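K.L.:
In my numbering, the protein residues as written are 51 to 213.
1. Looking at the ligand ATP, does it come within less than 6 Å of residue 155, judged from the CB to the closest heavy atom?
2. From what residue to what residue does the alpha helix (DSSP H) around residue 109 run?
3. What do you get for residue 194, buried or exposed, if any count of 16 or more other CB atoms within 10 angstroms of its CB means buried?
4. Report yes if the CB atom of residue 120 is closer than 7 Å to the CB atom of residue 91, and no otherwise.
5. When DSSP labels each residue in this structure, what does residue 64 get in the three-state scheme?
6. Spatial neighbours of residue 156 within its chain, please: CB distance less than 7 Å, with the 5 preceding and 5 following residues excluded, ordered by chain position.
7. Out of 168, 143, 152, which one is the CA nearest neighbour of residue 132?
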């Protein structure tokens, strides 16, 4: 009889390896290299927003709100600095044509924030135990897992080509 705990550990390890590979792949794409600092800002905000409240529902709402807000703010900040110019021709070409480049960049930031928040919420739901405070090493491990897993939706957005 197979040990199901070993199977779940193997699947979790595979997900973490895949997510680490997604970060490396994002770094290798020249046109999309600006999305890495935006994703890092979004992830930090989502993990912080995921600590708001004492129930899973309130933490999920906090993560969603801060994710979308951080995505829009980070994208607009990088747009204002002029660092999004390499990405703007390929970001949401239909939205860019109708509403302009700034709208497309802000929409991309919001979608990135939403997708990162959803991946963190799912991972947090799988890890469970939202009431008890974690020791520092456990919190660090959960944060590292959230950081790695959050790369997967960003990578999907990039590979689709800005949706």
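Glycine included, every Cβ here is placed at the ideal spot set by N, Cα and C. Bear in mind the structure is a predicted one, so any value in this text is a computation, not a measurement.
P.N.:
The answer reads as follows:
1. In the structure on display, the ligand ATP does not appear, and there are no ligands present to speak of.
2. Taking the chain shown and counting its residues from 1, the one referred to as residue 109 is at position 59. It spans 106–131 - the alpha helix (DSSP H) in which residue 109 sits, taken as one unbroken run.
3. Locating residue 194 in the chain shown gives position 144, where the first residue counts as 1. Under this definition residue 194 is an exposed residue.
4. Residue mapping note: residue 120 aligns to position 70 of the chain shown, counting from 1. Residue mapping note: residue 91 aligns to position 41 of the chain shown, counting from 1. Taking 7 Å as the Cβ cut-off, residue 120 and residue 91 qualify as a contacting pair.
5. As a working mapping, residue 64 is identified with position 14 in the chain shown. Helix.
6. As a first step, residue 156 must be located in the chain shown, where it is residue number 106. Closer than 7 Å at the Cβ level, and outside the excluded window around residue 156, lie 122, 125, 126.
7. The sequence position of residue 132 within the chain shown is 82, counting from 1. That would be 152, whose Cα lies nearest to the Cα of residue 132.
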